[in-house]
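Counting from 64, one number per residue, gives the positions in the sequence shown under the numbering used here.
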Amino acid sequence: MALKTTSKTGKLAEDFAVNFLSQKGYKILTRNFRSRFGEIDIIAKDGDTLVFVEVKARWNRNFGLPEESVTASKIQKIIKTSQYYSLTHSNLPKKQRIDVLAIEIEDGKVTDTRIIVVS
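This is the structure we're talking about:
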């Protein structure tokens, strides 16, 4: 999937992420879930596990790897938001984890994609 440098980079990266995760067998439940605690880009099921996914994309490595931009503070917000999601939705898997989906883009094309399990 070719991506362009525009103000829509985040949405394009998330669209790519949804397709990538779906091809890996994940069932996408929701996108851009917001609460007063924060936002989660993608919530999906991976088998019997509920997965909260933070999507990060980089056009080059001059600013580091995509996953390096996920701070401890951001992880704490994801944890609080995931707890809120779990409290407000029923019939969810008991197993849960947080993943970062790192997407590297060069010349408008995805060159590398990694799933990093955070917890």
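The beta carbon of each residue, even a glycine, is placed where N, CA and C say it ideally should be.
For isoleucine 103, the closest of Ile142, Thr151, Ile178 and Asn154 by C-alpha to C-alpha distance is Ile142. With contacts defined as CB atoms closer than 8 Å, valine 114 and tyrosine 148 fail to qualify as a contacting pair. Taking the Cα positions, serine 136 is about 15 Å away from arginine 99. Residues Glu102 and Asp104 of the same chain have their beta carbon placed closer than 7 Å to that of asparagine 95, with the five preceding and five following residues left out of the count. Assigned with DSSP and collapsed to three states, serine 153 falls in coil, not helix or strand.
In this structure isoleucine 161 is in contact with isoleucine 138, their Cβ atoms being roughly 7 Å apart against a cut-off of 8 Å.
Separation of leucine 92 and lysine 108 (C-alpha to C-alpha, rounded to the nearest whole angstrom) is 7 Å.
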